[in-house]
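As structure tokens, this is what we get:
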């Protein structure tokens, strides 16, 4: 930990900036979901192709976050966070003025690079500049900020799309980013910068990013009959590159990622749970706006308002649940996260045909509570089981979210396209019957994933129970 412990004023300012940055990170991972029908129709792409607006963002985040965490550890978080905010803001501006699908994808990559810098530096702001007695609170600010961003995104996106155009879901970031970047430079003094050599394992960066990118591509293209050879080939290459990454990292004196963390069975299990909760959540979040519009006859605003209900529950209960779990142990809170999430998605599967506003309202209750039980307890549990690598583990909570988000959206798109037979069909042309054929199996899959993570969470004991 850094010797630069901030005074009360600078600590408060830093935590505000970290909260805003992690909130924006989560927000832009999910705000696009509710606008995908409009983006797809406006830019002329089919259901599965439109999902790449979300997938590419999560994929770049997951592929570069560990790299930026290493850079932050070597140079200090001040510049990484400030530059990340600036890059993210510039990427948002370019996304907002995109006139074609591939232009939007290109600028979404820029936005994601800035987001990865913020996601890597945010938790380290706490581990480097907070005293031990405030560290848990600081990390809860990070996790709740990200969780709230994911939860609020669809609701805010619904409001924006209803009254303006989809372009404003990106442009809304600009004033926030312009205000937050200078605040970060003011909150953390220049004396905190380490000025050390960046010990970046470039080969490890390339291997890890390539494996994540190829794995995501393999899952996303599996439903395309004319691309299954490519899908199988990239899937095999992903596994080869992951094996090469592990072998390479074990030989390095200064590895990109300390693999000894994953040698701990409980740590690996909790990391898997973090991936699975967001895989399940983002998979459904990708389809819910389409479902509301095509099958339930709702407007974008109505879908957004229902999702705002879930976000409100997360906002109200997230921090109290995090503090409660600090006192009572986190295991059963993580089990509850999985069970609430599974209940919501099973309800979607059962009541999809003939969905009413009242049932939709009821489903949002366990969905919101599921995310409230996830944020603080599950992220803190990962750090708790990291041993001497707690600093890097704090950033890996976001890495798990983003890998899960990228794979979840891709997997949901693949399952939906397979069962609905909507390969290459424009979103507006998918019938309600065909949509239900794809939506119900996807909801069941996401619910079963949540059940599995609840079981794993129960098996893994809290540190103090051992």
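In my numbering, the protein residues as written are 1 to 466.
Every residue, glycine too, gets a C-beta built ideally from N, C-alpha and C.
Between the segment 414 to 433 and the segment 243 to 254, the count of Cβ pairs shorter than 8 Å is below three; the stretches do not touch. Ranked by Cα distance from residue 419, the options 436, 404, 408 are led by 436. Counting C-beta atoms within 10 angstroms of its own C-beta, residue 250 has fewer than 16 neighbours from the protein chains shown and is therefore classed as exposed.
Annotation note: the segment 396 to 452 contains no uninterrupted beta strand (DSSP E) run of length 3 or greater. If you look at residue 245, you'll find it in the alpha helix (DSSP H) that goes 228 to 251. The beta carbon of residue 440 lies closer than 6 Å to those of 349, 352 in the same chain, with the five residues before and after it left out.
Selection 369, 58, 216, 233 evaluated against residue 309 yields 369 as nearest (Cα-Cα). Here the alpha carbons of residue 297 and residue 383 stand approximately 44 Å from one another. Across the structure, residue 188 and residue 128 are spaced so that their CA atoms are roughly 11 Å apart. Contact check for residue 407 against residue 279 passes: the beta carbons are separated by less than 8 Å. Contact fails between the segment 164 to 177 and the segment 215 to 232, because fewer than three Cβ pairs, one in each stretch, are under 8 Å apart.
Looking only at 71, 288, 91, the smallest Cα-Cα distance to residue 202 is reached by 71. Residue 46 carries a strand assignment under DSSP once its states are collapsed to helix, strand and coil. In the structure shown, residue 327 adopts helical secondary structure according to DSSP, grouped into three states. Buried is the label assigned to residue 161, since at least 16 other Cβ atoms lie within 10 Å of its Cβ. When the five nearest sequence neighbours on each side are left out, the beta carbons in the same chain lying within less than 8 Å of the beta carbon of residue 258 are those of 389, 392, in order along the chain. For residue 381, the enclosing alpha helix (DSSP H) starts and ends at 357 to 384. Straight through space, the alpha carbons of residue 263 and residue 294 are spaced by roughly 46 Å.
Judged by their CB atoms, residue 114 and residue 85 are nearer to each other than the 8 Å cut-off.
As summarised for the segment 254 to 302, there are no continuous beta strand (DSSP E) elements at least 3 residues long confined to that stretch. Taking a 10 Å sphere around the C-beta of residue 38, we find 16 or more other C-beta atoms and assign the residue as buried. The continuous alpha helix (DSSP H) containing residue 71 extends over residues 52 to 75.
Between residue 213 and residue 63 the beta-carbon gap is near 6 Å, inside 8 Å, which marks them as a contact. Residue 76 holds the alpha-carbon nearest to the alpha-carbon of residue 126 among 157, 76, 107.
For residue 281 and residue 79, the gap between their C-alpha atoms comes out near 32 Å. Residue 88 carries a helical assignment under DSSP once its states are collapsed to helix, strand and coil.
The C-beta of residue 286 has 16 or more other C-beta atoms within 10 Å across all chains shown, which makes the residue buried. CA-CA distance, residue 448 to residue 61, rounds to 26 Å. Where residue 174 is concerned, the enclosing alpha helix (DSSP H) starts and stops at 173 to 187.
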